[in-house]
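A.B. asks: Protein chains in written order, with my numbering: chain A, 260 to 610; chain B, 260 to 610. Where is the CB? At the ideal position from N, CA and C, for every residue including glycine. Below is the structure I would like to discuss, written out as structure tokens.
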């Protein structure tokens with residue numbers, strides 16, 4: 260375990276660490292004492308049937324949902340719903356390589372086992388059922404890796420998901436995404452300071468984390484984001500200042516092993532694992548009313564990859580989000596972004 | 260100077276090294292004894308007015324043009340034209356960091372000066388005029404960085420270019436391309452074996468060159484290339500085998516400083532340097548009949564970046580090439596690629 264001030268309530272606001280006990284993993288091994296970091300908004304009704312689950316993306320936490328997506332003016336309205344944001348395993352707030360201690364001391368840092376999207380969803384279902392007594396969800400929604408988890412819910416627990424909204428992410432990770440994620444991982448692991456995962460501080464891997472940010476700059480935003488200098492809206496004066504003041508510090512604050520844990524998981528997201536590789540059969544299990552919401556300028560979860568899966572998914576409709584930011588439109592920087600998400604989610608929640 | 264067997268006639272077939280003397284550079288400094296590697300096809304007529312210039316891309320040489328683009332069955336027909344392929348400075352065959360010796364010994368390896376697209380074009384024009392007596396070109400054609408050189412010809416020597424065909428490349432490099440190229444460069448320079456450019460063999464930088472290949476895999480091909488497993492057409496059995504058998508050895512054979520010389524040049528291609536930053540004024544100088552030929556699946560020289568420049572370029576028409584390979588469609592792997600190029604170039608040459 261190493262200290263990292265980023266993964267604290269001081270940076271992330273209130274959240275609760277909820278233990279779900281031992282979590283046996285699809286790849287073998289287990290997390291002896293798995294804790295999930297949970298932030299809730301609103302009140303669970305007596306029937307326990309007004310819950311919405313929000314899942315998190317690579318490098319993301321509940322924070323961005325609290326700040327951008329959730330509120331009385333949004334579709335994710337805590338006056339109406341009990342909204343549960345569960346941080347994914349390995350994201351630095353839930354049990355993760357850098358914070359494994361106590362009963363988890365044996366799986367710290369480089370010894371952390373491989374975790375799959377399915378492990379997260381099993382953990383989330385257990386937490387919702389055992390801790391909150393929630394047996395069915397009004398909605399599961401998440402972006403990017405959060406969309407991978409949403410699809411996993413649709414296929415693994417179809418009877419528990421009334422509605423689903425995967426945003427900018429696919430049910431089966433593409434080979435292109437695998438290679439993209441590989442390049443991200445290699446930017447980190449190639450840093451001599453990484454020391455095969457046994458660094459003493461994330462600062463030892465700063466150069467690798469900056470290169471990792473540099474590759475995100477190329478794929479995470481669109482070509483037009485850079486051409487139109489959209490970063491000026493964030494009050495930077497050059498793309499270099501934007502990188503140094505925004506994208507690099509965003510990632511250098513994070514833990515390298517935690518990012519690698521999530522990246523490995525991202526690379527292998529695939530609901531067809533439930534059906535011997537038959538994606539149509541897997542997606543055919545869906546019973547939720549769904550809105551599939553790609554971002555039109557996304558470079559690595561492009562619209563057409565959503566469309567080909569949509570054809571295999573019953574009860575799903577396409578809603579394309581227009582955002583020049585591309586994949587990182589998920590941050591909600593563009594003033595036009597969240598309104599589109601709210602419109603599509605409201606339509607879905609009213610259906 | 261270091262030995263590298265890749266940059267020899269054994270690998271590249273016949274070419275001639277033609278000296279053009281001292282080349283003073285836009286960024287300051289000079290190449291004391293600049294040699295350009297030239298491959299010619301066909302015969303220069305007595306009027307010396309049947310010449311076509313072909314320029315080369317990042318990591319490319321005359322070889323790919325000889326093997327794919329030039330021949331009696333192609334638009335670039337040596338029975339009709341005198342076709343001159345000039346390898347760009349820094350590509351390993353022309354004067355480059357790794358081969359600087361003799362009069363150029365003082366600029367070897369890490370001491371090689373920065374070269375710009377404009378320097379290449381000045382060197383090419385001098386070579387064509389002084390060595391071959393060519394004052395006007397029937398056509399200038401090149402892809403990617405070769406397109407940057409083509410645009411530079413159109414703006415710098417408008418009276419010398421009758422026709423022009425930039426393929427998959429722009430007149431003014433985009434900020435997104437700058438960041439992409441930066442990520443490529445950092446994959447190399449971050450390798451401890453790079454030793455600030457003073458390695459003793461490209462093999463010392465193999466890990467960095469492989470990461471560089473890995474980033475090319477993400478941006479050089481399209482998402483659909485990977486999804487459709489187009490690499491099977493090259494008789495590989497997995498994407499990993501394709502990487503290990505094709506893209507990695509392609510780049511690990513090359514010299515790191517040479518690649519960095521070209522990458523620096525690529526990042527800064529900009530015809531608006533002639534007009535105080537006014538791109539419209541620069542492109543407005545064009546007098547050539549032009550076909551601008553983006554590849555529809557290109558991830559980093561996308562169609563719309565060509566379209567916005569096309570609007571500023573007199574006498575130019577758009578011809579979009581359909582190729583699932585994306586940017587690296589330039590290699591001519593798809594059987595449908597070269598036919599499209601030939602059609603557009605024939606139309607242009609007949610105009």
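1. Are residue 558 of chain B and residue 558 of chain A close, meaning C-beta to C-beta below 8 Å?
2. Can you say whether residue 355 of chain A is buried or exposed, counting buried as having 16 or more other CB atoms within 10 angstroms of its CB?
3. Can you give me the Cβ contacts of residue 433 of chain A inside the same chain, cut-off strictly under 7 Å, excluding the 5 residues immediately before and after it?
4. Use the C-beta contact count for residue 487 of chain B: other C-beta atoms within 10 angstroms, 16 or more gives buried, fewer gives exposed.
5. Could you name the residues of the same chain whose beta carbon sits closer than 6 Å to that of residue 541 of chain B, not counting the 5 residues immediately before and after it, in chain order?
6. Does the Cβ-Cβ distance between residue 584 of chain A and residue 551 of chain A come in under 8 Å?
7. What in chain A is Cβ-close to residue 470 of chain B, meaning under 8 Å?
8. Let's see if you can read the secondary structure: which residues bound the beta strand (DSSP E) around residue 279 of chain A?
9. Using DSSP's beta-bridge definition, name the partner residues of residue 400 of chain B.
10. Across which residues does DSSP place residue 564 of chain A in a beta bridge pair?
11. Rounded to a whole number of angstroms, what is the C-alpha to C-alpha distance between residue 514 of chain A and residue 469 of chain A?
12. Anything in the region 463-495 of chain B with a Cβ closer than 9 Å to a Cβ of chain A? List those residues in chain order, please.
13. Give me the Cβ distance between residue 350 of chain B and residue 314 of chain B, rounded to the nearest whole Å; I'm assuming they're in contact under 8 Å.
14. On the criterion of 16 or more Cβ atoms from any shown chain inside 10 Å, does residue 360 of chain A qualify as buried, or is it exposed?
15. Is there a Cβ from chain B that is less than 8 Å from the Cβ of residue 299 of chain A?
16. Counting along the chain, where does the alpha helix (DSSP H) carrying residue 376 of chain A start and finish?
17. Can you tell me whether DSSP reads residue 583 of chain A as helix, strand or coil?
18. Please report the distance separating the alpha-carbon of residue 505 of chain A from that of residue 277 of chain B.
19. To the nearest angstrom, report how far apart residue 376 of chain A and residue 606 of chain A are at their CA atoms.
20. Check for me: the beta strand (DSSP E) holding residue 577 of chain A runs from which residue to which?
21. Does the pairing of the region 588-597 of chain A with the region 456-475 of chain A give three or more beta-carbon distances under 8 Å?
22. Which residues in chain A have a C-beta closer than 8 Å to the C-beta of residue 565 of chain B? List them in chain order.
23. Alpha carbons only, please: which of A/286, A/269, A/317 and A/566 is nearest the one belonging to residue 579 of chain A?
24. For the alpha helix (DSSP H) containing residue 294 of chain B, name the first residue and the last one.
25. For residue 341 of chain A, list the residues DSSP reports as bridge partners.
26. Would residue 435 of chain B count as contacting chain A if we go by Cβ distances under 8 Å?
27. Quick check on residue 340 of chain B - is its C-beta less than 8 Å from some C-beta in chain A?
28. Mind listing the chain B neighbours of residue 561 of chain A? Cutoff is C-beta to C-beta under 7 Å, in chain order.
29. Does the beta carbon of residue 274 of chain A come closer than 8 Å to any beta carbon on chain B?
30. Using a Cβ-Cβ cut-off of less than 8 Å, list which residues of the region 543-562 of chain A approach chain B; keep chain order.
31. What did DSSP end up calling residue 527 of chain A once you bin it into helix, strand or coil?
32. When you compare the CB positions of residue 442 of chain B and residue 477 of chain A, do they come within less than 8 Å of one another, or not?
33. Output the distance between the C-alpha atoms of residue 510 of chain B and residue 467 of chain A, rounded to the nearest integer angstrom.
34. Among A/447, A/330 and A/598, which has the Cα closest to the Cα of residue 522 of chain A?
35. Is residue 549 of chain B helix, strand or coil by DSSP?
36. Determine the DSSP secondary structure at residue 604 of chain B, reduced to helix, strand or coil.
C.D. replies: Reading it off the structure:
1. Within the second chain, numbered from 1, the residue matching residue 558 of chain B stands at position 299. Within the first chain, numbered from 1, the residue matching residue 558 of chain A stands at position 299. Yes, they are a contact pair.
2. Taking the first chain and counting its residues from 1, one reaches residue 355 of chain A at position 96. Buried is the call here.
3. Your numbering for residue 433 of chain A matches position 174 in the first chain. So the qualifying residues of the chain are 564.
4. Mapped onto the second chain, residue 487 of chain B falls at position 228. Exposed, because fewer than 16 other Cβ atoms sit within 10 Å of the Cβ of residue 487 of chain B.
5. Here residue 541 of chain B corresponds to residue number 282 of the second chain, with the count starting at 1. Once the five neighbours on either side are set aside, the close Cβ partners of residue 541 of chain B are 414, 530, 531, 533 and 534.
6. Along the first chain, read from residue 1 onward, the residue named residue 584 of chain A stands at position 325. Along the first chain, read from residue 1 onward, the residue named residue 551 of chain A stands at position 292. It is not a contact, given that the beta carbons lie outside the stated cut-off.
7. Here residue 470 of chain B refers to the residue found at position 211 of the second chain. Residues of chain A passing the Cβ test: 442, 445, 446 and 449.
8. On the first chain, position 20 is the one that residue 279 of chain A refers to. Element bounds for residue 279 of chain A: 275-283.
9. Counting from one through the second chain, the residue named residue 400 of chain B turns up at place 141. Answer by DSSP bridge pairing, in chain order: B/313 and B/424.
10. Your numbering for residue 564 of chain A matches position 305 in the first chain. Residue 564 of chain A pairs with nothing; no bridge assigned.
11. Here residue 514 of chain A refers to the residue found at position 255 of the first chain. Here residue 469 of chain A refers to the residue found at position 210 of the first chain. Rounded to the nearest angstrom, the two C-alpha atoms are 12 Å apart.
12. 466, 467, 469, 470, 473, 474, 476, 477, 478, 480, 481, 482, 483, 484, 485, 486 and 488
13. Numbered from 1 along the second chain, position 91 holds the residue referred to as residue 350 of chain B. Numbered from 1 along the second chain, position 55 holds the residue referred to as residue 314 of chain B. No, residue 350 of chain B and residue 314 of chain B are not in contact; Cβ-Cβ is about 11 Å, not under 8 Å.
14. The residue given as residue 360 of chain A occupies position 101 in the first chain. Looking at its Cβ environment, which holds fewer than 16 other Cβ atoms inside 10 Å, residue 360 of chain A is exposed.
15. Against the first chain, residue 299 of chain A aligns to sequence position 40. No, residue 299 of chain A lies away from the interface with chain B (no Cβ there is under 8 Å from its Cβ).
16. Here residue 376 of chain A refers to the residue found at position 117 when the first chain is read from its first residue. 376-391 is the span of the alpha helix (DSSP H), which, as asked, contains residue 376 of chain A.
17. The residue labelled residue 583 of chain A in the question sits at position 324 within the first chain. Three-state result, residue 583 of chain A: coil.
18. As a position in the first chain, residue 505 of chain A is number 246, starting the count at 1. As a position in the second chain, residue 277 of chain B is number 18, starting the count at 1. Taking the straight line joining both Cα atoms gives about 48 Å.
19. Numbered from 1 along the first chain, position 117 holds the residue referred to as residue 376 of chain A. Numbered from 1 along the first chain, position 347 holds the residue referred to as residue 606 of chain A. Computed Cα separation, rounded: 28 Å.
20. Sequence index remark: in the first chain, residue 577 of chain A carries index 318 (1-based). 575-577 is the extent of the beta strand (DSSP E) around residue 577 of chain A.
21. no
22. For this step, residue 565 of chain B is matched to residue 306 along the second chain. Within chain A, no residue comes near residue 565 of chain B; the closest Cβ sits about 12 Å away, beyond 8 Å.
23. Along the first chain, one-based indexing puts residue 579 of chain A at 320. The shortest Cα separation from residue 579 of chain A among A/286, A/269, A/317 and A/566 belongs to A/566.
24. As a first step, residue 294 of chain B is located in the second chain; it is residue number 35 there, counting from the start. It is not in any alpha helix (DSSP H) - residue 294 of chain B instead sits in the beta strand (DSSP E) that spans 289-300.
25. Here residue 341 of chain A corresponds to residue number 82 of the first chain, with the count starting at 1. Bridge partners of residue 341 of chain A: A/310.
26. Along the second chain, one-based indexing puts residue 435 of chain B at 176. Yes, its Cβ sits closer than 8 Å to a Cβ of chain A.
27. On the second chain, residue 340 of chain B is found 81 positions in, with the first residue counted as 1. No - not a single Cβ of chain A is within 8 Å of the one on residue 340 of chain B.
28. Working through the first chain from its first residue, we reach residue 561 of chain A at position 302. By Cβ distance, chain B contributes 482.
29. As a first step, residue 274 of chain A must be located in the first chain, where it is residue number 15. No - not a single Cβ of chain B is within 8 Å of the one on residue 274 of chain A.
30. 558, 559 and 561
31. Counted from its first residue, the first chain places residue 527 of chain A at position 268. Coil at residue 527 of chain A, not helix or strand.
32. To locate residue 442 of chain B, count along the second chain from 1; it is residue 183. To locate residue 477 of chain A, count along the first chain from 1; it is residue 218. Closer than 8 Å, so yes.
33. As a working mapping, residue 510 of chain B is identified with position 251 in the second chain. As a working mapping, residue 467 of chain A is identified with position 208 in the first chain. Approximately 22 Å between the Cα atoms of the pair.
34. The residue labelled residue 522 of chain A in the question sits at position 263 within the first chain. The residue with the shortest Cα to Cα distance from residue 522 of chain A is A/447.
35. Here residue 549 of chain B corresponds to residue number 290 of the second chain, with the count starting at 1. Note: residue 549 of chain B maps to strand in three-state DSSP.
36. Mapped onto the second chain, residue 604 of chain B falls at position 345. Residue 604 of chain B: helix per DSSP, three-state reduction.
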